[in-house]
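Since the structure comes first, as structure tokens, the remarks are kept for the end.
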Amino acid sequence: MPTMEPEVIERENRPRLELHERGLDYVGASVASRGIDPEGVISALGDFNVALPSWALGTGGTRFGRFPIGGEPRNPEEKVDDAAAVNALTTVNSTISLHIPWDYPDDPVGLRAHAESRGIGFDAVNSNTFQDDPRTTDGGRVSYKFGSLAHSDPAIRETALAHNYEVISIGEALGSKALTVWLADGMNHPGQAAFRAQFERVAECLGDIHDHLPSDWSLLVEHKPYEPAFYASVNTDWGSSLLLAQEAGPRTGCIVDLGHHLPNTNIEQVVSRLAMVNRLGGFHFNDSKYGDDDLTTGSIKPFQLFLIMMELLEIGGGSPPELAYMIDQSHNLKDPLEDLLQSAEALQVAMARALVVDREALTGAQMDNDPALAAEILMAGFRTDVRPLVAEVRRRRGGALDPVATYRAAGYRARATEERGAEARSTGL
Ligand code: PSV
Ligand code: MN
């Protein structure tokens, strides 16, 4: 199995170290001048772990095609290996989120042991009732074409519930602590179904799932305005998601996927509102230009990402709160591992920028109704080149100063391709 050897990381770090240390001194001094301890920033960043999605370790595609890259992981074990390679470089992606049945583990206990040996744990497990698969559709006897938890036929709702229960038991064997439910249920045509009846069926089923959870688990519900339901999704927006979470039970939180909002939605405000009522469950990070584009995190709207991090620090009292953080992207052109490395860096950079904002001064400017000063303080954080702080987190934990360059120098993709084959295909959409 291909691995990311510490010696290679160390070798690649060596020539970069001097410049890194100079940058670190500079940013440390500039942050300290704002009364912020750079060591506190480094430590908070180290605690900000973001899970990797099993389905994004291979190439993604669109309905117009897919262009596999070679050496893609062929099973959950190989996906864990690739996650471990990413984590060896970044040190802040030590968990993986499995999608069932895309990543149906034949031996969950064995998979867990394999993951543990690679330093990888299991984040939320995801059920899938948006596709027909004999393993989720009662051996192919039912279809989710017209919905799953919202379906008018109780037998189909039961089948979808049984699938969710099975995913929970797989997750228990893996050591997961949450189930994420994203539903494709809705309508493609006006008049196709009744809004209220669909919503009530989903709410009731989510309540059943909630009550089925092990006592230390939580349920995460994820909204999305459209696709594949192009007229109306049942869980269409954060308001619907909040209502569903409230109806389902106290251990239900809402997932905010950055691509699942109508254009120009103020996502940081959504984050604040959900947190205010204790229903912010976590994030699916990606970026979006037009819709659910699943592009590299921070590549289109880095300022939005920074403002979301500002809200997270507000919620966490100055450090990232404990939520389910995950990357959810589709890597159509880039090597998926390089795209994940870039996304991990973007998340750390956005969080670091928020951590170096002088929050006390910002609150003062807000209370004094001084928007110009508030902007100066906010932008001082956003404009700080925090990359040495982020790189220092990695360096101290044996990670790479330059993850993408190190990944390339290690020849990981070539080794994976040699081992798994140029035609190896990963499961996922
Ligand atoms: C739906 O678009 C989504 O964001 C959900 O999280 C799915 O589980 C994931 O993408 C994978 O398709
Ligand atoms: Mn998502």
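Plus 451 on top of the position in the sequence shown (first one is 1) and you've got my numbering.
Positions of the beta carbon are idealized from the N, C-alpha and C atoms, including for glycine.
- Message: Are the CB atoms of Phe681 and Asn639 within a distance shorter than 8 Å?
- Response: Numbered from 1 along the sequence shown, position 188 holds the residue referred to as residue 639. Numbered from 1 along the sequence shown, position 230 holds the residue referred to as residue 681. In contact: Asn639 and Phe681 (Cβ atoms closer than 8 Å).
- Message: DSSP three-state label for Gly879, please.
- Response: Your numbering for residue 879 matches position 428 in the sequence shown. Assignment of Gly879 by DSSP, reduced to helix, strand and coil, places it in the coil class.
- Length of the line joining the Cα atoms of Ala801 and Gly622: For the purposes of this step, residue 801 is taken as residue 350 along the sequence shown, with counting starting at 1. For the purposes of this step, residue 622 is taken as residue 171 along the sequence shown, with counting starting at 1. In a straight line, the C-alpha of Ala801 is about 31 Å away from that of Gly622.
- For Asp397, verify whether its CB is less than 7 Å away from any heavy atom of ligand 2. This structure leaves residue 397 out entirely; the chain is present only between 452 and 880.
- Item | Three-state secondary structure assigned by DSSP to Asn538 | Locating residue 538 in the sequence shown gives position 87, counting from the first residue. In the structure shown, Asn538 sits in a helix (DSSP, three-state: H, G or I).
- Query: So, are the CB atoms of Ala611 and Thr631 less than 8 Å apart?
  - Reply: Within the sequence shown, residue 611 is the residue found at index 160, counting from 1. Within the sequence shown, residue 631 is the residue found at index 180, counting from 1. Result no, Cβ atoms of Ala611 and Thr631 do not sit closer than 8 Å.
- Helix, strand or coil at Trp633 according to DSSP, with G and I counted as helix: One-based indexing of the sequence shown puts residue 633 at position 182. Strand.
- Message: Quick check on the burial criterion: 16 or more other C-beta atoms within 10 angstroms. Buried or exposed for Asp790?
- Response: Taking the sequence shown and counting its residues from 1, one reaches residue 790 at position 339. Looking at its Cβ environment, which holds 16 or more other Cβ atoms inside 10 Å, Asp790 is buried.
- Are at least three pairs of beta-carbons, each pair with one atom in the stretch 740-754 and one in the stretch 708-716, less than 8 Å apart? Contact holds: three or more Cβ-Cβ distances are below 8 Å.
- Query: How is the beta strand (DSSP E) around Tyr776 delimited, first residue to last?
  - Reply: Position 325 of the sequence shown, counted from the first residue, corresponds to residue 776. First-last of the beta strand (DSSP E) with Tyr776: Ala775 to Ile778.
- Query: Counting pairs of beta carbons, one from the stretch 505-514 and one from the stretch 522-531, are three or more of them closer than 8 Å?
  - Reply: The stretch 505-514 makes contact with the stretch 522-531, as at least three CB pairs between them are under 8 Å.
- Query: In terms of residues, what are the limits of the beta strand (DSSP E) holding His614?
  - Reply: Working through the sequence shown from its first residue, we reach residue 614 at position 163. His614 -> not in any beta strand (DSSP E); alpha helix (DSSP H) instead, spanning Pro605 to Leu625.
- Query: Do you know offhand how far Tyr863's Cα is from Gln643's?
  - Reply: In the sequence shown, counting from the first residue as 1, residue 863 sits at position 412. In the sequence shown, counting from the first residue as 1, residue 643 sits at position 192. If I take the Cα positions, the gap works out to 50 Å.
- Environment of Asn729 [buried if 16+ CB atoms lie within 10 Å]: Locating residue 729 in the sequence shown gives position 278, counting from the first residue. The residue in question, Asn729, is exposed, as its Cβ has fewer than 16 Cβ neighbours within 10 Å.
- Query: If we call anything under 8 Å between Cβ atoms a contact, is Ala775 one with Leu671?
  - Reply: As a working mapping, residue 775 is identified with position 324 in the sequence shown. As a working mapping, residue 671 is identified with position 220 in the sequence shown. The answer is yes: Cβ separation under 8 Å.
- Message: So if I measure from each beta-carbon to every heavy atom of ligand 2 and keep distances below 7 Å, which residues remain?
- Response: Having a Cβ closer than 7 Å to some heavy atom of ligand 2 are Trp633, Glu673, Ile706, Asp708, His711, His735 and Asp779.
- Message: Does Leu784 come out as helix, strand or coil in the three-state DSSP assignment?
- Response: The residue given as residue 784 occupies position 333 in the sequence shown. Leu784: coil per DSSP, three-state reduction.
- Item | Proximity below 8 Å, CB of Ser666 to CB of Gly704 | Position 215 of the sequence shown, counted from the first residue, corresponds to residue 666. Position 253 of the sequence shown, counted from the first residue, corresponds to residue 704. Contact flag unset, no.
- Task: Check whether the Cβ atoms of Asn686 and Leu693 lie closer than 8 Å to each other.
- Result: Within the sequence shown, numbered from 1, the residue matching residue 686 stands at position 235. Within the sequence shown, numbered from 1, the residue matching residue 693 stands at position 242. Result no, Cβ atoms of Asn686 and Leu693 do not sit closer than 8 Å.
- Task: Just list the alpha helix (DSSP H) runs in the stretch 458-484, keeping only unbroken ones of 4 residues or longer that don't cross its boundaries, in chain order.
- Result: Positions of the alpha helix (DSSP H) runs, each at least 4 residues long and wholly inside the stretch 458-484, are given as 468-483 in order along the chain.
- If you draw a straight line from the C-alpha of Ala635 to the C-alpha of Gln582, how long is it? Numbered from its first residue, the sequence shown carries residue 635 at position 184. Numbered from its first residue, the sequence shown carries residue 582 at position 131. Distance between the alpha carbons of Ala635 and Gln582 is about 9 Å.
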